[in-house]
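Residue numbers (numbering that gives the first Met the number 0), protein chains in the order written: chain X, 0 to 316; chain L, 0 to 363; chain A, 0 to 298.
By construction, the Cβ of each residue, glycine as well, lies at the ideal position given by its N, Cα and C atoms.
All values derive from a computational prediction rather than experimental measurement.
Notes follow the structure.
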Amino acid sequence: MGKYILKRLGLAGVVIVLTMFLLGLLVHLVPGDPVKIILGPRASESLSRVVRAEMQLDEPVLVQVWSFVRGAATGDLGRDFVSQLPVTSLIQQAFPHTVLLAVSGLGLATLFGVPLGVYAATRPNSWIDRLTAILSVSLITVPPFVAGVFLLLLFAVELSLLPAIGAGELGNPLDYLKHLVLPSTALAITWMGYIARLVRTSMLEILGANYSRTAFAFGLPRRQIFYKYALKNAIIPTIAVLGVGLGTLIANAVFVEIIFSRPGLGALIVDSISTRNYPIVRGGILVVVVIVVAANLVADLSYRLLDPRIRFEAEGS
Amino acid sequence: MAAAMKRSGRAPDASSKIPLPHPDQKECESLLVVQGLDVVYRTRELRLRALHDVSFDVRPGQIVGVVGESGCGKSTLSAALMRLLPPNGEITSGSIRFQGRDLSSLTPEQIRQMRGREMAMIFQDPLTSLNPTFTVGTQLIDVQAAHRQGHRDRALLRDRAVKMLTNVGIPDAVERINDYPHQFSGGMRQRIMIAMTLILEPQLLIADEPTSALDVTLEAQVLELLRRLRADKGTAILFISHDLGVVAQLCDRVVVMYAGRAVEDGDVESLFERPLHPYTKALLETVPSRERRGERLATIPGRVPSLSALPSGCKFAPRCSFVQEVNRGKEPRYLEVDGRHVRCNMYDPASGYQGAGIQQLENG
Amino acid sequence: MGVVVQGGGRRIGHFAGRRLFRDMATHPTGFFGLLIVVVLLAIAISAPLLAPYDDATQDIARRLEGPSSNHPLGTDDLGRDLLSRIIIGSRVALGVAIPAVLGALLVGLVLGMVGGYLGGRVDYVLLVLIDTMLSFPAVILALALLAVLGPSLRNVMLVIVVSFVPAYARVARALVLAEKGKPYVEAERSLGARDWRIATIHIMPNILAPLLILVAMDIPSAIAVEAGLSFLGLGVQPPTPSWGVILADGFERVRDTPWPVLWTGLALMTTTLGFTLLGEMLRDIVDPRVSEWRRWQRP
């Protein structure tokens, strides 16, 4: 198990480093003058000069890439074109909002998805099971940004129940929470469907397994069989799948941030693309990739730790 | 045949038995009485009759074997007894009386209390019969707690679990009780299952092919544990198997099943020495024996019919050497012959079968 | 060399049998999905004929109206008929998503087969690259590429292809590895067949089925990605009526009128629903393990 953790950390490190190189190389992968690519065809002379200097475009390609990688590794992501602020600090400001959004979205999805899935599994083919099935499919097929837009339409515009813009003040938790409700729900909707279905399928498979038969045969109470024995087994593949989907979740956070005008990495990156503020784009994407890789790692390791068959290698029999 | 089995040492050992109740004693003394049991599985397209008119009984302290090939309904029988049929299975006729009570009259909670505590079951595949994400100790403790043994004192339950594990031969039980099932071998897992049973001391243990997945040495150990269970606690055992040799070693009585029907039953000596049903006879002949070394292995021609395409009349008729026209028309009744039961038209004077059944069988 | 070796094309033949229709009949939701998809394709193909108005005709006097007899779905902020725009938008949605996903399939299939069949160092390098790419969420990758390429419909297609290739490559590779070990491959080799022949004529048909299911499941994702990118202004550019563009325009004016957002959102949801249901039905049919689970009722 320990060896695996090291291997996994190593792999994650390789991915991140590779990403740094790719991002550093990106402008050069596309044919054409890098400055024109970054700034677009109608670039002013002064701005071009700034870009040239900032990105060291007069140096050989390898030097450019290496200096970016080296800078990234030490936390320096350059300065943005427009205001010459360090990219790292801009990202630092935006980062907490995105993380809070992603975490609360995931939390909401789990909070509602898991019980729904378990309940449906305990009453297979009942009306609630069918309802859950239909509901989960419907939820899965709503693209998060559509969900966000609809939610905003309904709750913020039509009903004026919740705010539509901004993230509120971090210092004022209640206000912040109020601003968090709609965006995290938008994120959570798709995932609720997935989780409910996944939990239901796992639970049904587990309840049909031999060891569940044993539990019933020895007279364990139903509640204990469902909520203790079966559920623990079902959580494991659920976490595994969640881990895989974390990247998508974080990517969807981008959309949700735009829709609800929340400050965050997503908004930062997209705005910077529109304003052709390339260093922020590059740095922001790198940070997002690091978050995704870290999240994947945590998910992967935690489900391996939860499953005793993996955690404790079987002794020779 | 049975003589040969006796010589090879695989014969019922009279010394290990508690004195059996006299065969004349009334049915109400029986621990388990199954009468005319019918079980049907419903699929999208068909209704399949997995069991039909199955009747037998088990007395306290008896070991009754249920023999038959794959697909004869043995597993369905055990599931029906424990009320663990899948959602598409249903008991459509007949009754099961356990400890004098009709099981269909019990509430779900009463059935739950019965399972494990009064009627328990161990399964064929020990590798998958224990929950992989909980320790052996937790599972043993929870099973006891479910039946309110020990008044919620988990430390006490843990001690009993440790003692029981040692009892069934798990070394270092005190440490190993905190291990997970996958850290034990198959043989040890089967013992843990037996320990789970022993700890509750049920009156009846249904053993569904408990040794089929084990090698001969382990099998012998498990059989020994079962014998001890009967000797020490007086537990009755319903031993389901396809292995005639093991059944001969262990059981007092045997029920032979074919295509969902009970076709013959009787005490083990009579059944093995003088089988009444052609199927039983043919089965016994297929068991290889030292005596007949060098001879071709006997088989029964044909195949077990699939439940969706059962022949009319006697289900064994297509493969029977003594078949007559009448057998294709009427399904034979389960009649009493000589203190045993057999489902064969040969022994039913009202069936229209020509010729004296028993002599034909012995000569044939 | 005329030996008939079992395996080539067997799965495809299986697929197209009568069993397929029987399985479909027992899968009402999938059938519903199929219906939606067929209708959608019909609409997309006949869009110019079907749409009552041209997608660019402006009627400023009638802007931001709700549904009316002239405009069943209402008008947008420039007075353009929503129904027509959405109908024509279906062309954009499918026209981008379907070719892009198929392109990803093609490239991924080739890469996966090369890696899986050749093995060794080539395979290892490929695997590392694939895993790295898979660590990028598709949208993030899309953003990175669009930042340098500039927004346009063509670039969105390119970006989708690039994002989806790693997944197909990985699955194709795994399937090829599984097939490689099967007896019929060895038989072919012992008969002297050359590698590329084995790969293309014998192995490929057998691995196509699960990949096609992936395609069915990926099309709705691709549609959502394109719509999303266009919504952000990074994809299809206005005035081309991509659903994302219509949604973005509508969103800007959402306080004035909810209709553009509502209808476009519904269009997107229905489309994704149809393809997802269809894909799930296909997966249930072809993946025997899942089919068996559905048939667990049989003893």
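Please go through the same chain and pick out, in chain order, the residues whose beta-carbon is closer than 7 Å to the beta-carbon of residue i, but skip the five residues on each side of it.
| i | result |
| --- | --- |
| V287 (chain X) | I249 and L264 |
| I197 (chain A) | V184, E187 and R188 |
| L104 (chain A) | Y167, L210 and V214 |
| L151 (chain X) | A163, L181, I258 and F259 |
| D255 (chain A) | L63 |
| P85 (chain X) | R78 |
Measuring alpha carbon to alpha carbon, tell me which residue in the options is nearest residue i.
| i | options | result |
| --- | --- | --- |
| L210 (chain A) | A:R62, A:A96, A:H26 and A:G107 | A:G107 |
| L230 (chain X) | X:N295, X:S211, X:T247 and X:L245 | X:S211 |
| Y52 (chain A) | A:M156, A:M132 and A:T74 | A:T74 |
| V325 (chain A) | A:I245, A:F274, A:I222 and A:G273 | Nothing about residue 325 (chain A) can be reported from this structure: the residues present for chain A run from 0 to 298 only. |
| E28 (chain L) | L:L204, L:L50 and L:F97 | L:F97 |
| G192 (chain X) | X:G207, X:V136, X:L151 and X:G244 | X:V136 |
| A79 (chain L) | L:D101, L:Q61 and L:K232 | L:D101 |
| Y228 (chain X) | L:L30, L:F133 and L:P107 | L:F133 |
| L21 (chain X) | X:I139, X:W65 and X:D32 | X:W65 |
| G264 (chain A) | A:D283, A:S83, A:A223 and A:F135 | A:A223 |
| G35 (chain L) | L:R41, L:L76 and L:G67 | L:L76 |
| V240 (chain X) | X:L138, X:A216, X:T109 and X:L161 | X:T109 |
| I268 (chain X) | A:A266, A:P240, A:T269 and A:L228 | A:L228 |
| F144 (chain X) | A:V138, A:V147 and A:F163 | A:V138 |
| G32 (chain A) | A:E279, A:I202 and A:D283 | A:E279 |
| S273 (chain X) | A:L207, A:L142, A:L277 and A:L276 | A:L142 |
| G111 (chain A) | A:A99, A:V127, A:A96 and A:P98 | A:V127 |
| P165 (chain A) | A:E178, A:D194, A:V109 and A:R90 | A:V109 |
Please classify residue i: is it buried, with 16 or more other beta-carbons within 10 angstroms of its beta-carbon, or exposed?
| i | result |
| --- | --- |
| I133 (chain X) | exposed |
| G249 (chain A) | buried |
| W190 (chain X) | buried |
| I200 (chain A) | exposed |
| D23 (chain L) | A caution first: D23 (chain L) carries a pLDDT of 45, below 50, which makes its placement in the model too unreliable to give a value. |
| N171 (chain X) | exposed |
| F311 (chain X) | exposed |
| Q83 (chain X) | exposed |
| Y3 (chain X) | exposed |
| W262 (chain A) | buried |
| G77 (chain X) | buried |
| K314 (chain L) | buried |
| G123 (chain A) | Checking the sequence shown, residue 123 (chain A) turns out to be Tyr, not Gly. Classification for Y123 (chain A): exposed. |
| S15 (chain L) | Because the pLDDT at S15 (chain L) is just 35, under 50, the model does not fix this residue reliably, and the value given afterwards should be weighed accordingly. S15 (chain L) should be labelled exposed. |
| R48 (chain X) | exposed |
| V33 (chain L) | buried |
Which residues in the same chain have their Cβ closer than 6 Å to the Cβ of residue i, if we skip the five residues on either side of it in sequence?
| i | result |
| --- | --- |
| S311 (chain L) | none |
| H21 (chain L) | For H21 (chain L), the predicted structure reports a pLDDT of 46, less than 50, and the residue's modelled location is therefore unreliable. A value from the coordinates is still provided. Taken in chain order, the list of residues that qualify is empty. |
| P236 (chain X) | S201 |
| V262 (chain L) | V255, H276, Y278 and R342 |
| R172 (chain A) | G111, G114 and G115 |
If I measure Cβ to Cβ from residue i and keep anything under 8 Å in the same chain, skipping five residues before and after, which residues do I get?
| i | result |
| --- | --- |
| Q92 (chain X) | P262 |
| D306 (chain X) | I235 |
| I139 (chain X) | T189, G192, Y193 and R196 |
In terms of residue numbering, what span does the alpha helix (DSSP H) encompassing residue i cover?
| i | result |
| --- | --- |
| D270 (chain X) | L264 to S273 |
| V343 (chain A) | Residue 343 (chain A) lies beyond the residue range present for chain A, which begins at 0 and ends at 298; the question has no answer from this structure. |
| Y116 (chain A) | L81 to L117 |
| T189 (chain X) | P172 to L206 |
| I391 (chain L) | Coverage of chain L is limited to positions 0 through 363, which leaves residue 391 (chain L) absent and any answer about it impossible. |
In terms of residues, what are the limits of the beta strand (DSSP E) holding residue i?
| i | result |
| --- | --- |
| Q34 (chain L) | L31 to R41 |
| L296 (chain L) | Looking at the DSSP string, L296 (chain L) is not in any beta strand (DSSP E), and its letter there is neither H nor E. |
| M216 (chain A) | Run containing M216 (chain A): none in the beta strand (DSSP E); it sits in the alpha helix (DSSP H), M203 to F230. |
| M256 (chain L) | R252 to Y257 |
| T56 (chain A) | T56 (chain A) -> no beta strand (DSSP E), and no H or E assigned at all. |
**Item:** Cβ contact (3+ pairs, closer than 8 Å) linking the segment 285 to 301 of chain X and the segment 152 to 170 of chain L
**Value:** no
**Contact between the segment 288 to 306 of chain L and the segment 326 to 335 of chain L (3+ Cβ pairs under 8 Å)** = no
**Item:** Any 3 or more C-beta pairs closer than 8 Å across the segment 276 to 295 of chain L and the segment 115 to 130 of chain L
**Value:** no
**Message:** Taking 8 Å as the cut-off, does the segment 256 to 274 of chain L touch the segment 227 to 235 of chain L (at least 3 CB pairs, one atom from each stretch)?
**Reply:** no
**Asked** Are the segment 204 to 217 of chain L and the segment 175 to 182 of chain L touching by the rule of at least three beta carbon pairs closer than 8 Å?
**Response** no
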